[in-house]
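Under our numbering, the first residue of the sequence shown is numbered 374, with each subsequent residue one higher.
Below is one structure; the comments refer to it alone.
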Amino acid sequence: MTDLADLHAEYEFLDADDRYRLLIDLGRALEPMPEPLKTEATLVRGCSASVWVYPTRREDGRLHFLADSNAAITKGIIALVLKTVQDAAPEAILATDIEGALAPFDLKNQLSSNRTQGIPNMIALIRETAARYAG
374 MTDLADLHAE YEFLDADDRY RLLIDLGRAL EPMPEPLKTE ATLVRGCSAS
424 VWVYPTRRED GRLHFLADSN AAITKGIIAL VLKTVQDAAP EAILATDIEG
474 ALAPFDLKNQ LSSNRTQGIP NMIALIRETA ARYAG
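Next up, the structure:
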């Protein structure tokens with residue numbers, strides 16, 4: 374997958390419709406989340422669409438997140454969020470300024486508030502997971 378800086382460089386030159394397409398493509402590229410993991414326990418609260426996030430811990434201690442949504446653009450937003458933390462050590466995730474990494478995409482002004490309202494909850498869930506596994 375392309376890194377966040379390369380994605381932003383591409384994103385910034387696109388018009389609104391193409392930005393939506395880029396987000397949808399990012400969502401399609403997410404690793405599939407098995408249906409049995411889409412439960413009430415993995416559901417992210419406060420999102421207008423259904424969003425599920427399931428953390429796994431690798432043998433080396435790094436965290437890997439499976440995620441999905443029933444809305445294509447929301448799934449793309451999840452993919453952007455995961456690009457900032459996927460397969461990182463819990464301590465590195467806690468030290469990552471996820472909001473700062475996403476700020477150049479200006480999602481709040483590019484997308485409706487319904488699409489972005491759950492982002493803080495996704496980020497909080499990722500940080501809580503990292504805190505549980507840290508040190």
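Think of the CB as a built atom: it goes at the ideal place given N, C-alpha and C, for glycine as much as any other residue.
Collapsing the DSSP output to three states places T412 in coil. Three or more beta-carbon pairs separated by less than 8 Å are not found between the stretch 414-432 and the stretch 375-394, which leaves the two stretches without contact.
For the pair I450 and L396, the CB atoms are nearer than the 8 Å cut-off.
Around N443, the same chain offers A422, S423 as residues with beta carbons nearer than 6 Å, after the five sequence neighbours per side are excluded.
Inclusion of I471 and I496 in the CB contact set at 8 Å is warranted, their separation being smaller than that value. Closest option to G491, judged by alpha-carbon separation, among G419, D388, R401: G419. In the structure shown, P493 adopts helical secondary structure according to DSSP, grouped into three states. Judged by DSSP secondary structure, L436 falls within the beta strand (DSSP E) whose first and last residues are 436-442. For V426, the enclosing beta strand (DSSP E) stretches over residues 424-430. The straight-line gap separating the alpha-carbon atoms of R430 and T502 is approximately 10 Å.
For D398, the enclosing alpha helix (DSSP H) begins and ends at 389-402.
Looking at the DSSP output, A461 shares a beta bridge with L436.
Cβ contact annotation for G434 (same chain, cutoff 8 Å, sequence separation greater than five): A462, P463, Y506, in chain order. In the three-state DSSP reduction, R505 falls in the helix class (H, G or I).
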